[in-house]
């Protein structure tokens, strides 16, 4: 089981250590880790066998979460737990960075103490945690400034710990009962050098934001569940109804949560095309990019941008576009943000790349990542049939939305 | 871009951060020590305490050691504020192991909190108390856990389950069976949350106690989907282990590869072979994978280290796996349930759960059903980078053993630019191992894109993967070769760019891949070799050149074209020699020699010349390696002249060949062997384990249990008598019928056994008949054996004559009389009496002149070296203060070792500037003092010594109130107008006064102070050995037991203010065995008049170090524990420590 968790800043400083068992871990392991991480660069593995401990590490927003163990344990358990800690902290502190963790170190300690006991996760359900330890907010901050003291510890044990639905806050009350169901999809696509679509799939989530009183029982069904290739569920979903009828039956947690994620494979059409052209000769290279609609989804496509990494052998680049802005960062990452495609012209980017001296031609080619967002449509074609609510005193308001954005949407030049 | 705005933006963001930080604990983290923490901790306000604790926490977070605040922090554990409590707990758990004695002070509070109405308070108290991890409190924690395991609150029960591994970690053997019992109880809990935590406890406490699982297997399976995700992960693997141990492996699963070898000879098994062979026919390459699958399955059961070490020298079949180890998964209910209950978990959000469930299916499910793990595993790849890596590592093994499983999903392993290098490499390897003839065109097309990736290491890995594909699918080999060859012709490898490191790596990898393909069938690929040799001129990368040159030598006689090419090629190489790099030069030398070795006739002469030329060049090379190689070859060459190398003697008999010739042939004449496909990693561990990721067995890794190692009989036995696999239970049970008292240190079984014991001693004798019938005669006989009992002069027994005179007499005489009548129950322990024929009984004695021999230990307060000749020593006096029960009397002796007289010697409190005044107040108001229970350290001052002449020694009695059991009291020593700070160390042994008790009262008191009020520790005792040895020379008459008793009593009384209640002596036929000796002491806490009972029992041989068990019964938990610690520490001190 886990013995210790360290939080490291992006400069390798140990911000926090939480010893979990009697076998204490010296923080010198962090120095070892940091040296190792630097020497490994991008080859750093998430599971490392150091001379004294096995280390699990994840990096979120520059913060390294490092957990140590000396014995056999499922490595995914360590990693998933660290991810959960990072999620909870980000949720509590409104984002993750060095300052926010240092500023709220007491809350971080209190949270970690509730989340793990003796190296084994104790309470990881965000709803229960929120009831046990209040998240910092403006009111509590102001209160602490004015009165000089404030406790963020709840005096009583959340009732949910005793229920069979530990994810749900005990008996919430709302004046307006409302529930929103969002389909949020990400499209992964790979277009190879020849311009053919080698892979296109959707990774989607059903996100629910529920503000319902009491202990409601919800049933959600899809019009075309057969298109789903595979699914994963929030613990609240009952397995049986899905196995027999592909119906989602659940008692929802309170607030925003991810009810289900799904995958739809082998799609054939993509909304946007990107045509890269690279010709190189005599030490320079001409780059031209064209972006346009391929299959109009019927809704506006916005937040279009293109990102790519210039190959290391390019010394200077001069890029210009007919719409949007182009940025080149010092690590040779270029981003071209277009926004919406104008009606009158096709966005294009032209540029001249100068190769390193001695190189005549470019023989490695960058990969272009396309980003976009389409509101109001789920490109997988998945449709919600109906949402039934039981156990509710009033008729609630139900809202449905969908959104598709680009995931790993790549075009190889 | 916005450089002109940059500054503004930065200040803006800083300002917003400042705004954001208001009201947080930022200032505490940034500057935790800007105020003094200690006074805040003692504050009356919770908010100030909180602030202090937060500052300490900040210091801990930053890695400072703030354990010196421990005593002050511990005091706050009693706070009612939950926030303070939580912060104290956080601090306490961080440092408890460092400061065990002070940590004990918190135990009382925890015990109180355990009875709180708020479940949160109970849970926290339990978590922290168990987390402190002190051996002393283990029995208390065990009791608390037992209690909390029945708590109405789910959360508390869950915490109780979590506390079990903490207790187990202390490795106290007596507790283990009790812990396992609680694990079993919690596994049967109604709440899934508790079951999950209990599963975690089971995994770390008793992972192989399968009978415990067997009792509730079905229920555990059914509850599995409702258990929390973390519990699921562990519970799944527990259930898997149980099923394998109980029912063995599944005949239709991948594990059936194991019996393939055996079964091929047996007709009855042909059903299995048909299944497997049917699989083989569908896929040509399955032979190789079956071999691999066999290795993998074996590794699962035996552990790879064991398996590999054996496989390397003996035949593999020593693992007896017959069809008896198998069962049909389609028929067996338990297996069906397990698979049913784990399949919905494949939909879990938690990737660890998915992998755990997948590994159950991988091992147990019939092969046609294993497919259902594919999609969930692939879906998990969409989660975080870190878990993606681990999942891919597992998929890699699955895919290698059973390529058909993932063959249709090859698209999922296509690489995207955001993958890290590790993930790319894993995906390439998986793609190469799942490629089929239908998918390979797509995969190769994809690979072509990868070769142009800017990440050249990745490109090189891709080329390696192409080689792997070609080897797996020989039909595609030609296509792959063409592709690879065309790559070598690319301009970017031939030009000067070849010097770029990464490109060189890619090119080298290309040549390696080509070679690996050629090597399988060199004759067919002759043309490729020729092409490569032709491209030598264009390829500039030394490593790649070296491989090609090596191939020239290796394939010198393959086909028709190559032998013809040899002459010009060697000439060309000789010509280039000077400009080559080291590795290429070495290969040129080798190749030349190899070619010469085979050559006949005219060629021979030409090659000889070329070689001689190259050798000459090499001998003057700058590199010593090359010079050495040249010399070596030259020597070989000289010896071979005219022997085996010449055409005429080619048919000479082997024995005529000289040694050099044989050597040369061995080195260079070796024929090509086709190399079998290399297994990538020979070490396989259970899927989802840490060991599989790090490729070695991590501590605590266990392979699957031996199939069918758990028999139904075992299970039945457990469920009926509940004893066989749980020795602890056996002890507890036998304890109630007749158990040796000295084994009874198990917290839970104490009650029964100890009370039996005492009932025997007192004459009420409710349970003693049982023993008497058996041991009565024995003890009589033993009593006759020797004069073991000696009744002492009553008056001299007294230890502290001034105080104890009046009661000790009665006590001793009465108890001594009793002792004649009493028998030792331990003797009747059936096991001992039957096996050893050792019979014991006991008698009780008391001592004579021991009072005179008690010498309180003397401590040094001030050394003459430091004190300009003043030597101050102190010893705790057994006197009881007349002023207040809170005061302890200390005898201080002042000695002037200097040559001059000293004046105005006195000891005062350090803080008070005028010690006299404060002391006056106390003397004036003793009542208020004792009632108000003030926290101020106090000192009833001694009479000042006006002058101390050189050589003089003066003694004074001082009365001190220590405000803490363990912390030294700071005093100031005044003399000659100077002030020297000194520290007076408390001795908890003198915080008590002797309690007049007789044995009956003792046992009665003891019976009221059971359970939480009883603490035990063991130690060894050595003092008596010296005495016994001394005795040997002199009069041998003195009894050994008496000696032991004397030295024990002396030690006890010299270190603590106790009264001896009774001594139980074993009456033993074996005179050397002191086991059964038992001493009882009584005392009373000075400040509160709470009785405190000490029992010391002895075990061991007289002439060897004895094992003592010290037991303290006291209502005041903390005091009792501290006293116990103190007693144990001085008992185990060696006698030479005495001044």
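Residue numbers (full-length UniProt numbering), protein chains in the order written: chain G, 1 to 413; chain Y, 1 to 1139.
All C-beta atoms in this analysis are idealised placements derived from N, C-alpha and C, irrespective of residue type, glycine included.
Since this is a predicted model, take the numbers as computed values, not measurements.
When the Cα atoms are used, residue 425/Y and residue 1/G turn out to be separated by approximately 29 Å.
Identification of residues in the region 316-348 of chain G having a C-beta nearer than 8 Å to some C-beta of chain Y yields 327, given in sequence order.
Cβ proximity to chain Y below 7 Å picks out 192, 193, 198, 199 and 203 from the region 192-218 of chain G. For a cut-off of 8 Å, the C-beta gap from residue 1014/Y to residue 1113/Y is around 5 Å, short enough to register as a contact.
The region 375-390 of chain G and the region 348-358 of chain G do not touch, with fewer than 3 CB-CB distances between them shorter than 8 Å.
Residues of the region 92-103 of chain G with a Cβ closer than 7 Å to any Cβ of chain Y, in chain order: 99, 102 and 103.
CA-CA distance, residue 532/Y to residue 441/Y, rounds to 25 Å. Going by DSSP, residue 5/G is part of the beta strand (DSSP E) stretching over 4-8. The beta carbon of residue 230/Y lies closer than 6 Å to none in the same chain, with the five residues before and after it left out.
In terms of Cα proximity to residue 72/Y, the closest of 977/Y, 52/Y and 952/Y is 52/Y. Residue 53/G sits in coil when the DSSP states are folded into three classes, being neither helix nor strand.
Residue 553/Y and residue 637/Y have their C-alpha atoms some 17 Å from each other. Annotation: residue 1086/Y is outside any beta strand (DSSP E) and is labelled neither H nor E by DSSP.
Residue 336/G carries a strand assignment under DSSP once its states are collapsed to helix, strand and coil. Of the candidates 172/Y, 168/Y and 227/Y, the residue whose Cα lies closest to the Cα of residue 201/Y is 168/Y. Cβ atoms of residue 405/Y and residue 370/Y come within 8 Å of each other, at about 7 Å. In terms of Cβ geometry, residue 108/G and residue 116/G do not form a close pair [threshold 8 Å]. Judged by their CB atoms, residue 37/G and residue 92/G are not nearer to each other than the 8 Å cut-off. For residue 15/G, a Cβ of chain Y is located within less than 8 Å of the residue's own Cβ. Contact with chain Y is found for residue 79/G, since one of that chain's Cβ atoms lies less than 8 Å from the residue's Cβ.
Under DSSP, no beta-bridge partner is assigned to residue 298/Y. Counting other Cβ atoms within 10 Å of its Cβ, residue 610/Y reaches 16 or more and is therefore classed as buried. Under the three-state reduction of DSSP output, residue 1027/Y falls in the helix class. Each residue's CA atom was taken as its position, placing residue 358/Y and residue 132/G some 35 Å apart. Under the DSSP assignment, residue 193/Y falls in the alpha helix (DSSP H) whose first and last residues are 192-205.
Residue 119/G counts as buried, since at least 16 other C-beta atoms from the protein chains shown sit within 10 angstroms of its C-beta. Here residue 989/Y carries a helix assignment [DSSP, helix/strand/coil]. Restricting attention to alpha helix (DSSP H) runs no shorter than 4 residues, the region 550-604 of chain Y encloses them at 561-576 and 582-598, ordered along the chain.
Listed in chain order, the positions of the region 51-65 of chain G with a beta carbon within less than 8 Å of a beta carbon of chain Y are 54, 56, 57 and 58. The DSSP-derived three-state label of residue 1005/Y is helix. With respect to chain G, the C-beta atom of residue 945/Y has no partner C-beta closer than 8 Å. For residue 352/Y, the chain G residues whose Cβ falls inside 7 Å of its Cβ are 74, 76, 77 and 80, in order along the chain. Of the candidates 515/Y, 557/Y, 523/Y and 563/Y, 515/Y places its Cα closest to the Cα of residue 546/Y.
Inter-segment contact for the region 228-238 of chain G and the region 284-293 of chain G is absent: fewer than three beta-carbon pairs are separated by less than 8 Å. For residue 230/Y, the residues of chain G that pass the 9 Å Cβ criterion are 77, 80, 81, 120, 121, 122 and 124, in the order they occur in the chain. Using beta-carbon distances, residue 155/Y counts as an interface residue toward chain G, with a partner under 8 Å.
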